[in-house]
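Worksheet for the structure shown next.
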Amino acid sequence: MRQQHSYPVEAIVLKRTDLGEADRVLTLLTPTKGKFHAIAKGIRRPISKKAGHLELLSHSQLQVALGRNLDIITQAEVRENFLSLRNDLWHMTCGLYLAELVDRFIEDDTQHPEVYTLMLEMLRGIERDVIDRQRRRENGTELVEQEHGRTNLLLHYFEIHLLSLIGYEPAFRHCAQCASELQPVENGFTPSLGGALCPQCSRFWARPLSMNALKVLRLLQRSKWSEVPRFRLDNSLQLELEVTMHGLLRFHLERDLKSWSFLEMLSLRK
Ligand SMILES: [Zn+2]
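Numbering (our numbering) for the sequence shown: 24 to 293.
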C-alpha cells in the first residue's frame, strides 16, 4: 500500500541544508517536477547508505514518499557522480555556480525539462573538460593560461541558454533598442535593455562591446555546446565576456551571485 504514496523521479542535487541532528533538506532539479525540496533522513550519520548517492551535483534515481510538508527521499541510487569534477576545486565551484543560477532563476514546482537537460549536459561537459585536461597534462601539451578557458566558455554558454529558456533571451543579433541588425563593428551593451545596441543607439548610455566579444556570444547562442569549437580567448576578451554576462544576470536577479567572488578568488590564486 505504501507504494501508492511514493513516486520515482530522477534528479540533480542543487543544494543541501542541514536539518536537525542528522537530516538534510535537498533542493532537487528534476525533468518532471521542476525544482523542489525533499528531506533525506539520517543522511549525516556515518552509516547512512543514501549519503554517497545524494552528493551535491550528483545525478541520481530516487524514490520519494509524499510527506505532510516536504516529501521524503526513501531510496537513492546515483547514476552519475561526476567524480573528476568533484575532485577539482575550480571545476566543482563552476558546477555549484550553475546550480546557484538554476536555484535563483527557477521557481519551485514549475516544470522546466529543458533546463534540466541543459544542466545535465553542462555537468557532463565540465566532467569531460577535467578529464581532457588531465590527459593533456600527462602528455605535456597543456598550457597554464589555457587551463580554464573552455570551462569559462561553458559557463557563459549556460548563462545565455538558461536566460533564453526562461524568457530572457539576450539580444545579440539585433539592436535591443531599435532592432536594426548588428554589424561586425564595435557595438554597445546595456543590461537593462537586455543586450547589445547598435553604435547609433549606444552613443549615450551603453558600455562598448567589442566585435570579438559579440562574435563569441553569438556563436554560443546559436550553437550546440558539442559543436562549439575549441578556441583560445585572451584575458581581456575573457574579462569582457564575464563583465557583459554578469551585468545581464545582475540586472535580472537584482543581486550578485555568491559563486562569483569565490570563482574570482580561485582564478587569482592560480
Ligand atoms: Zn539601435
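Glycine is no exception: its CB is placed at the ideal position from the N, C-alpha and C atoms.
Here the structure is a predicted model, which means the values were calculated and not measured.
Sub-8 angstroms separation of residue i and residue j beta-carbons
i: Val208; j: Pro193; result: no
i: Ala229; j: Cys198; result: no
i: Leu124; j: Ile35; result: no
i: Trp113; j: Leu242; result: no
i: Leu85; j: Pro31; result: yes
i: Thr116; j: Leu262; result: no
i: Leu240; j: Phe274; result: no
i: Leu37; j: Ala61; result: no
i: Arg102; j: His82; result: yes
Where residue i sits in the DSSP three-state scheme
i: Phe59; result: strand
i: Lys247; result: coil
i: Leu51; result: strand
i: Ile70; result: coil
i: Ala236; result: helix
i: Thr133; result: coil
i: Ile95; result: strand
i: Tyr30; result: strand
i: His171; result: coil
i: Gln200; result: coil
i: Arg278; result: coil
Whole-angstrom C-beta distance between residue j and residue i, which should lie under 8 angstroms
i: Cys201; j: Gly211; result: Not really, about 12 angstroms apart at Cβ, beyond 8 angstroms.
i: Lys73; j: Ala63; result: 6 angstroms
Residue i Cβ short of 7 angstroms to ligand 2 heavy atom set
i: Ser71; result: Among the ligands modelled here, namely ligand 1, ligand 2 does not occur.
Burial state of residue i (16 or more Cβ within 10 Å)
i: Leu89; result: exposed
i: Lys330; result: This structure gives no information on residue 330, because the portion of the chain shown stretches from 24 to 293.
i: Leu146; result: buried
i: Arg255; result: exposed
i: Gly118; result: buried
Nearest candidate by alpha-carbon position, reference residue i, set the options
i: Leu264; options: Leu232, Pro69, Ile129; result: Leu232
i: Thr267; options: Ala236, Glu250, Ser284; result: Ala236
i: Tyr180; options: Leu141, Ile70, Asp155, Arg67; result: Leu141
i: Ser107; options: Asp131, Arg156, Gly65, Glu137; result: Arg156
i: Ser29; options: Gln98, Leu49, Leu80; result: Gln98
i: Thr133; options: Arg173, Leu52, Gly163, Asn175; result: Leu52
i: Asp257; options: Leu176, Asp46, Gly148, Ser203; result: Leu176
i: Gly270; options: Leu79, Ser215, Asn104, Ser282; result: Ser215
Cβ of residue i within 8 angstroms of any chain D Cβ
i: Val32; result: Included in the structure is just one protein chain, with no chain D present.
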